[in-house]
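Residue numbers (our numbering): 37 to 223. Shown next, in structure tokens, is the structure this report addresses.
Next comes the structure, spelled out in structure tokens:
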């Protein structure tokens, strides 16, 4: 620390003020080391260990501590690393999560048929909804997670809810075509 008495004048004539060096992180927290913990589900733990450097590098280099939780949370929900990284770059991306039972209470084979209807043969229905609404969808057991902009999430959620309520996929596809045409006109 360099201290100059307030009574002394500088070359310009104004009194000089004390100059302090920048504080280090451990000095600001009074020596207490801060940790943040995020629970990792068992089914994502092995993938997290395998991809740790791909996850850690962008978190350490590109993000602040506040944003770190969004990225890791999206990764743990089931989104791949590039989709979770999009949360860092774009401000208008959101994640919406809901369960099938929030829309309609189903049990047994009815539930498994509904999950199959959401995915479609070889994931065709899910990919069609993702591509037409510019979102990413993860179906994890009975939970559904959607990553995208606010309006696109709404369209994707409406399509998924229609399928849960028993609408045939062809009808959902035709609604998506109409919505996609309207979205194309805006952009």
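By construction, the Cβ of each residue, glycine as well, lies at the ideal position given by its N, Cα and C atoms. All values derive from a computational prediction rather than experimental measurement.
Every beta strand (DSSP E) of 3 residues or more that sits fully in the segment 117-145 is shown, in chain order, as 130-135. In the structure shown, residue 183 falls within a strand segment according to DSSP collapsed to helix, strand and coil. Using a Cβ-Cβ distance cut-off of 8 angstroms, the segment 147-158 and the segment 87-94 are not in contact, since fewer than three pairs of beta carbons, one from each stretch, lie closer than that value. Annotation for residue 215: the continuous alpha helix (DSSP H) segment containing it runs 205-222.
Under the three-state reduction of DSSP output, residue 174 falls in the strand class.
For residue 83, the enclosing alpha helix (DSSP H) has its first and last residue at 78-86. The beta carbons of residue 132 and residue 182 sit closer together than 8 angstroms.
When the five nearest sequence neighbours on each side are left out, the beta carbons in the same chain lying within less than 7 angstroms of the beta carbon of residue 117 are those of 87, 90, 91 and 111, in order along the chain. Counting along the chain, the unbroken alpha helix (DSSP H) around residue 164 starts and ends at 160-169. If you compare the alpha carbons of 141, 146, 121 and 192 with that of residue 167, the shortest gap goes to 192. In this model, residue 195 and residue 59 are separated by some 53 angstroms (Cα to Cα). In this structure, residue 219 lies away from residue 185, with their beta-carbon atoms at least 8 angstroms apart. Cα atoms of residue 114 and residue 80: separation of roughly 8 angstroms, rounded to the nearest angstrom. Residue 82 and residue 121 have their C-alpha atoms roughly 19 angstroms apart.
Residue 84 has its alpha-carbon roughly 10 angstroms from the corresponding atom of residue 77. Here residue 162 is buried: its Cβ has 16 or more other Cβ atoms, across all protein chains shown, within 10 Å. Counting C-beta atoms within 10 angstroms of its own C-beta, residue 201 has fewer than 16 neighbours from the protein chains shown and is therefore classed as exposed.
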